[in-house]
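First to last, the sequence lines map onto chains A and B.
Residue numbers for the first sequence, in the working numbering: 145 to 445.
Residue numbers for the second sequence, in the working numbering: -14 to 601.
Glycine included, every Cβ here is placed at the ideal spot set by N, Cα and C.
Written below as structure tokens is the structure these notes are about.
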Amino acid sequence: MRKLLVLRPRRGFGRGAEQVSGRWFPWSALPWLPLTAVLAAFLIAGCGDRSSSPAAGTFTPKVPGVLTVATALIPTTGFWEGTPEHVTGGFEYELARDFARRFGLRSVHVEIEPFQRIVSGHLNGADMALALITPTDERKQHLDFSDAYLDAAPTVVTRTGTEIPDLATAQQLHWGALRGSTFVGIIRHLIAPDAPISIFPHDAQIEAALESGRIDAAVFDMPYAVAIARTSGGRLRATAQLPVDESIAAALPKGSGNVQAANSAIHALSADGTIDTLLRRWVGTSATDAESSIPLLRTEL
Amino acid sequence: MSVLPLAALSVKSPAGPAWEFLVLFLVVLIGPPLLERARLPGIVGLLIGGYLIGPNGLGAIGAGNTTIPELGQVGLLYLMFVAGVELDLALLRVHRRAVLSFGAITFTIPMALGAIVGISMSWSAAASLLLGSLLASHTLLTYPAVRGAGLASHPAVATAVGATVITDTASLVVLAAVSGTQVSGGSPSSIALQILVGLVVLAVFSLVLLPRLVRFAFRHLGTDRIVRYVSAVTSLLAAATVAQVMGIEGIVGAFFAGIGLNRLVPNEGPLMERIDFFGSAVFVPVFLVSVGMLLKPSVMVEAETLKLAGLFILASCGGKLLAVLASKRSLRMNRPEAILVLGLTMPQAAATLAATIVGYDIGLFDQSVVNAVLVLILISIVGATLLVQHTKSAVSTPVRRQDALGKRVLVALQDTAQAPIGFAIGAKVAAPDSGVVRALLYSFRTTAASMEQRLSELHRDGFALGIDVDPALLVHTSLAEGVIDAAAAEQPSLVLVGQRSAAAHPMLGGPGEAVAAATSVPVAILLGDAKRIEEVVLVRRDHAPETNGDQVAAVAAELASRVGGRGVTVRQADLSRSLSDVVPGQLWIAPADSGQVNAAFDPPAGAAMLLVLQPN
Chain A
145 MRKLLVLRPR
155 RGFGRGAEQV
165 SGRWFPWSAL
175 PWLPLTAVLA
185 AFLIAGCGDR
195 SSSPAAGTFT
205 PKVPGVLTVA
215 TALIPTTGFW
225 EGTPEHVTGG
235 FEYELARDFA
245 RRFGLRSVHV
255 EIEPFQRIVS
265 GHLNGADMAL
275 ALITPTDERK
285 QHLDFSDAYL
295 DAAPTVVTRT
305 GTEIPDLATA
315 QQLHWGALRG
325 STFVGIIRHL
335 IAPDAPISIF
345 PHDAQIEAAL
355 ESGRIDAAVF
365 DMPYAVAIAR
375 TSGGRLRATA
385 QLPVDESIAA
395 ALPKGSGNVQ
405 AANSAIHALS
415 ADGTIDTLLR
425 RWVGTSATDA
435 ESSIPLLRTE
445 L
Chain B
-14 MSVLPLAALS
-4 VKSPAGPAWE
6 FLVLFLVVLI
16 GPPLLERARL
26 PGIVGLLIGG
36 YLIGPNGLGA
46 IGAGNTTIPE
56 LGQVGLLYLM
66 FVAGVELDLA
76 LLRVHRRAVL
86 SFGAITFTIP
96 MALGAIVGIS
106 MSWSAAASLL
116 LGSLLASHTL
126 LTYPAVRGAG
136 LASHPAVATA
146 VGATVITDTA
156 SLVVLAAVSG
166 TQVSGGSPSS
176 IALQILVGLV
186 VLAVFSLVLL
196 PRLVRFAFRH
206 LGTDRIVRYV
216 SAVTSLLAAA
226 TVAQVMGIEG
236 IVGAFFAGIG
246 LNRLVPNEGP
256 LMERIDFFGS
266 AVFVPVFLVS
276 VGMLLKPSVM
286 VEAETLKLAG
296 LFILASCGGK
306 LLAVLASKRS
316 LRMNRPEAIL
326 VLGLTMPQAA
336 ATLAATIVGY
346 DIGLFDQSVV
356 NAVLVLILIS
366 IVGATLLVQH
376 TKSAVSTPVR
386 RQDALGKRVL
396 VALQDTAQAP
406 IGFAIGAKVA
416 APDSGVVRAL
426 LYSFRTTAAS
436 MEQRLSELHR
446 DGFALGIDVD
456 PALLVHTSLA
466 EGVIDAAAAE
476 QPSLVLVGQR
486 SAAAHPMLGG
496 PGEAVAAATS
506 VPVAILLGDA
516 KRIEEVVLVR
526 RDHAPETNGD
536 QVAAVAAELA
546 SRVGGRGVTV
556 RQADLSRSLS
566 DVVPGQLWIA
576 PADSGQVNAA
586 FDPPAGAAML
596 LVLQPN
């Protein structure tokens, strides 16, 4: 009868040696197994595509094959370019397209909804809203939020030549802010200006009011502030940032099962540099180092 | 009587860094002992405490806080660094065959099972492979309990410990490959090339450059312990940065840095104590608390999470069990030994968590995977702790083998002028075994109070050689008896007894020989106070006049080889007739026995002699 297994004389544990051999199994090749596994990892992981898998959460769109995104205003400088009928680009639009690619969806459909309604939870049937939205406790009562895709300290924009060296100077200015935004409360509590704050329904109207001199200063999210300063032809300037930690995230309908998938997508696009690339392309190279280059306005006297 | 204006007092709700660090350290302080009272591992207390103070719990630390997660990231790097620096490379060498085969099996089986689990759930190839690799690694969380039972040198334990190097290195390389392919753009071949080049650069930096830089820093900057500790921390951060620059996860760099500094940071040395202390007190607990902050019980009890956790437990613990069963026969383990090895290789913690968090950060895993892995970690730790607790007493304690020659070198001196040469010899003997050099300065009771300055000199002399000799005063009525007592307490592997002048103490018949007569470890008498060793001369006797003479000669040859490297000059000579040939710059190493040397001989100024004696 054929002997299947031949073991060399063994002197196992406590006796000094661990020599093992067998005809039926290539024991001597064992140490190569981890190396083989590592090489396989290189090949298999490298050949696989980088779209999402169930491990990163499952995204179920309301309309099969289509990512429906709500936003407040088109154009919004640097973030949504073109017209509502024909969006040509912008940071958040391209981000939506990257989301769709990652979720394996074939297209992006854009819905326009006033900002005030979006933050009240009305997404007009969209899967998510991308509209420079800052997550707040109040908004979380009506919406679910993804992890942040941009840090966005509130930033003051003024006409070029208007300086804000200190809080006392800031209090003497005429301020403006978007209706329903967190900036109204921030100006009221941190700046406490002498004159009433002017409220506008759209960011574009705030820009126009700034340029025409109807208001002296307005607060925007930092990337947007950088974008409008860049496209103003030198008329506007991001003058100061305020000492508040804020960020921008995707808003999803309350109870949405897509939050984890959206989070994973944001992590992936952040890790592979996509978000930085989009920011540089659509908002400007200065947007990536704005946090260190725009001076901080001390708001405590 | 005036009324206190209490109404004017205002009390603010706590906020800011002081409050956040207060709740963090309260968790570190209270969490582990509470859970340990319930006979659960302390790590669970840190995870639960992290959840409680985090944004998903009581919210004492909000979601926007970046300080504690960033400190936690440093803790993770620290954890991997300590894993590398604590590895017993000598034990690894002794059991390398068993380590290689068991390491391969205990990595490959869970890796394959994990990948199969991922693929069966339609996960992407990258996510499946990462899952496999994180289930294949293990953390030696139960090792302290095993070591405490006196089983550290048991071959089964040594094999499991050594296998950790293979499983964790392979897992981290798979992690580097997967994250590289996900994060970098380009073709698979270019990504593979990028990672391979990155690994080569990292290996060269961590294993070749870093030890030299740190040795230089220890010698030239490391004149106090703070600088030495900061050098070690800087090293791990530097290696992590190099890894990140090359597109590899920082934890891989930290692990490599640990292996690179392994020999410079002896496990029993003061620097290792400090690294362990800060790691155990701050960095690692903060990391675990920061992980606890990710816990979401609502997600953990979801059917999907529990299903995932069940599959992970099956693949990981089942895979580790299969690996032990597959190796049990070939490694001749009995049942308790096999269970003990399973208890050592089953816990999933550091590398598993690190890979999972990386997978989450690069968008490969969602929160339910993270929570399922946390369930796996809890179950594997609790299960492994119970296995080790119930089997360690059933495994026979191994017969204590003679320590490697350089494991613990005790240098006993009467005269600080001998410190440079004594420590230089000690350092060179200890280096190959990642050993420690400990200095004792002999003093009479009456002069002890005035020795502080001389102890400081010893400290400086040690630091100048890049070692921390942690000198202590040996107060005794007799040098020989004092060293014998110290040797009994410290269990050295080699004792060097400094006798500066043969005129005062003859080479033989003095304290050194008395120590040799009373201890079972090699003893060498150091004569002379040479500042530099330019040549090592090994004296070989023409005959072996007494019993065990070969053993003494072997120790002398080993010492000469370690101190002089390849440039040892060998002389076949009768020692008593050749002593007049000693010239400055030389260190003579000779085996000796009673009667061979009876003259009161002092080497000339600038030369030294090491006379190796036969222990009792």
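Output yes or no for whether 8 angstroms exceeds the beta carbon distance between residue i and residue j.
i: T443 (chain A); j: L311 (chain A); result: yes
i: A382 (chain A); j: I438 (chain A); result: yes
i: V568 (chain B); j: A592 (chain B); result: yes
i: L157 (chain B); j: F268 (chain B); result: no
i: L76 (chain B); j: K377 (chain B); result: no
i: L413 (chain A); j: D242 (chain A); result: yes
i: L363 (chain B); j: V29 (chain B); result: yes
i: L293 (chain B); j: N41 (chain B); result: no
i: L181 (chain B); j: I244 (chain B); result: no
i: S301 (chain B); j: P198 (chain A); result: no
i: Q404 (chain A); j: Q352 (chain B); result: yes
i: L160 (chain B); j: A335 (chain B); result: no
i: Q399 (chain B); j: L464 (chain B); result: yes
Determine the DSSP secondary structure at residue i, reduced to helix, strand or coil.
i: P426 (chain A); result: The question names Pro, but residue 426 (chain A) is Trp in the sequence shown. If DSSP states are grouped into helix, strand and coil, W426 (chain A) belongs with the helices.
i: R551 (chain B); result: coil
i: R303 (chain A); result: strand
i: G320 (chain A); result: strand
i: L341 (chain B); result: Residue identity differs from the one stated: residue 341 (chain B) is Thr in this sequence, not Leu. In the structure shown, T341 (chain B) sits in a helix (DSSP, three-state: H, G or I).
i: M436 (chain B); result: coil
i: S342 (chain A); result: strand
i: W224 (chain A); result: strand
i: L443 (chain B); result: helix
i: Q385 (chain A); result: strand
i: T290 (chain B); result: helix
i: M278 (chain B); result: coil
i: A137 (chain B); result: coil
i: A224 (chain B); result: helix
i: Q58 (chain B); result: helix
Assign residue i to buried or exposed, taking buried as 16 or more other Cβ atoms, counted over all protein chains shown, within 10 Å of its Cβ.
i: G401 (chain A); result: exposed
i: R167 (chain A); result: Below a pLDDT of 50, predicted positions are generally treated as unreliable, and R167 (chain A), at 42, falls in that range; no measurement from the model is reported.
i: W224 (chain A); result: buried
i: Q476 (chain B); result: exposed
i: F429 (chain B); result: exposed
i: Q557 (chain B); result: exposed
i: F262 (chain B); result: exposed
i: L396 (chain A); result: buried
i: R78 (chain B); result: exposed
i: K392 (chain B); result: buried
i: Q316 (chain A); result: exposed
Which stretch, first to last residue, makes up the beta strand (DSSP E) that contains residue i?
i: H253 (chain A); result: S251 to I256
i: M272 (chain A); result: M272 to I277
i: Q571 (chain B); result: Q571 to P576
i: S290 (chain A); result: L287 to D295
i: F268 (chain B); result: Unbroken run through F268 (chain B): none, as it is neither H nor E.
i: F408 (chain B); result: That residue, F408 (chain B), is in no beta strand (DSSP E); its alpha helix (DSSP H) goes A404 to A415.
i: F240 (chain B); result: Where F240 (chain B) is concerned, there is no enclosing beta strand (DSSP E), although the alpha helix (DSSP H) it sits in stretches over G235 to G245.
i: L595 (chain B); result: A593 to L598
i: A457 (chain B); result: A457 to V460
i: L464 (chain B); result: Unbroken run through L464 (chain B) is the alpha helix (DSSP H), L464 to E475; no beta strand (DSSP E).
i: T313 (chain A); result: That residue, T313 (chain A), is in no beta strand (DSSP E); its alpha helix (DSSP H) goes L311 to Q315.
i: D365 (chain A); result: A361 to D365
Starting from residue i, follow the alpha helix (DSSP H) in both directions and report where the run begins and ends.
i: V149 (chain B); result: It is worth fixing the name first, because residue 149 (chain B) is Thr in this sequence and not Val. Start and end: P140 to V168.
i: I28 (chain B); result: G27 to I38
i: T91 (chain B); result: R81 to S105
i: E519 (chain B); result: Counting along the chain, E519 (chain B) falls outside any alpha helix (DSSP H), and DSSP gives it neither H nor E.
Alpha helix (DSSP H) runs wholly inside the stretch 171 to 204 of chain B, at least 4 long, in chain order | 173 to 188
Please specify which runs of the alpha helix (DSSP H), each continuous and at least 4 residues long, are wholly inside the stretch 288 to 375 of chain B, giving them in chain order.
-> 288 to 313, 320 to 330 and 335 to 346
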